[in-house]
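Asker:
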Amino acid sequence: MPKFSIIAIDGPAASGKSTLAFRLAAALGFLYFDTGLMYRAITWVAINRKLNVLDEIGVSRLAENVQIEVLPPSLSDGRPCDVVVEGRDITWEIRNPDVEANVSIVSAYPGVRRALTQQQRRIGLHGHVVMVGRDIGTVVLPEADLKIYLDASAAVRAQRRFSELIGRGMKVKYSEVLEKVIERDRIDTNRDIAPLIPAKDAVIIDSDNLDADKVFEKIFDLCND
Ligand code: DC
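Just so we're aligned, residue -2 is where the sequence shown starts under my numbering, counting upward by one.
#1: Confirm the yes/no value for this check: CB of residue 36, any heavy atom of ligand 1, distance under 6 Å.
#2: What residues are listed by DSSP as bridge partners for residue 66?
#3: Under the DSSP definition of a beta bridge, which residues are partnered with residue 5?
#4: Less than 7 Å between the C-beta atoms of residue 100 and residue 57, yes or no?
#5: Is it right to say residue 89 is buried, meaning 16 or more other beta carbons lie within 10 angstroms of its own, or is it exposed?
#6: Within 10 angstroms of its Cβ, does residue 115 collect 16 or more other Cβ (buried), or is it exposed?
#7: Quick one: does the C-beta of residue 32 sit closer than 6 Å to a heavy atom of ligand 1?
#8: Would you mind sorting residue 113 into buried or exposed? The rule is 16 or more other CB atoms within 10 Å of its CB.
#9: Quick one: residues in its chain with C-beta nearer than 6 Å to the C-beta of residue 104, no 5 flanking neighbours on either side, listed in chain order?
#10: Between the stretch 11 to 28 and the stretch 60 to 72, do at least 3 Cβ pairs fall closer than 8 Å?
#11: Cβ of residue 130 within 6 Å of any heavy atom in ligand 1?
#12: Is the beta carbon of residue 118 closer than 7 Å to that of residue 185?
#13: Quick one: Cα of residue 181 to Cα of residue 26, how far?
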């Protein structure tokens, strides 16, 4: 029987936190909720509607009005859930390089963060949830029972992201993926609102020399000790 009900997992891009959170939620019978996909979905809608992502007011208004549906997976193609906006399945499109290149800009807007944080908090407070993102332990759910900050070096994270994109048939260069990881870290860490930092009471785990199984075991043990 897990002793926690609200578990927050934060960390930089491609640190392996989504995979870990998904596995942990399945093992505990909790809801898995990836907040990054909400920022990605808003970015995708902005690009799709040919809105300038530098138009802060326009993009913030979008975040207040667009309904993002996160549903159980309808296909067995590796997706942890379906992401649907206005009836269109955008689960994989939100992983594309154009979204990747713009999501840090969109997620730095206070209006966007306010709109999405409110929804995330409402979902999280029901409990029995593993919520993953950048600011879950610090801003979205500071009352979380367990806070994990999963870290790894930029080189290791870029290698993971590179393999994932190649696996999906995309033509990318490692050096470019690394550059983008570093740039996203810079924006995520330096923004004024909800920057990427570990909560004071977070358990910090460096996964450079730990494989996904070891990280999972470590955290699963923490939940059941
Ligand atoms: O975890 P991810 O790579 O899917 O996140 C996509 C972007 O969203 C990333 O640039 C940081 C941002 N994000 C955020 O600012 N706050 C969150 N809680 C989750 C993601």
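For each residue, glycine too, the CB sits at the ideal point set by N, CA and C.
Answerer: Looking at the coordinates:
#1: If you number the sequence shown from 1, residue 36 lands on position 39. Yes, the Cβ of residue 36 comes within 6 Å of a heavy atom of ligand 1.
#2: Looking up residue 66 in the sequence shown gives position 69. Beta-bridge partners of residue 66 (DSSP): 81.
#3: Position 8 of the sequence shown holds residue 5. Paired residue(s): 128 and 144.
#4: The residue labelled residue 100 in the question sits at position 103 within the sequence shown. The residue labelled residue 57 in the question sits at position 60 within the sequence shown. No; because the gap between Cβ atoms is not below 7 Å, this pair is not in contact.
#5: Here residue 89 is taken as the residue at index 92 of the sequence shown, counted from 1. So residue 89 ends up on the exposed side.
#6: The residue you call residue 115 lines up with position 118 of the sequence shown. Label assigned to residue 115: exposed.
#7: Position 35 of the sequence shown, counted from the start, is the residue given in the question as residue 32. Yes, Cβ of residue 32 sits closer than 6 Å to a heavy atom of ligand 1.
#8: Reading the sequence shown from its first residue, position 116 is the one you call residue 113. Around the Cβ of residue 113, a 10 Å sphere holds 16 or more other Cβ atoms; the residue is buried.
#9: For this step, residue 104 is matched to residue 107 along the sequence shown. Counting only Cβ-Cβ distances below 6 Å, and skipping sequence neighbours, we find 36.
#10: Verdict: no, contact absent.
#11: The count along the sequence shown starts at 1 and reaches residue 130 at position 133. Correct: residue 130 has its Cβ closer than 6 Å to ligand 1.
#12: Against the sequence shown, residue 185 aligns to sequence position 188. Against the sequence shown, residue 118 aligns to sequence position 121. The answer is no: Cβ separation not under 7 Å.
#13: Here residue 181 refers to the residue found at position 184 of the sequence shown. Here residue 26 refers to the residue found at position 29 of the sequence shown. Take the alpha-carbon of residue 181 and the one of residue 26: they are about 32 Å apart.
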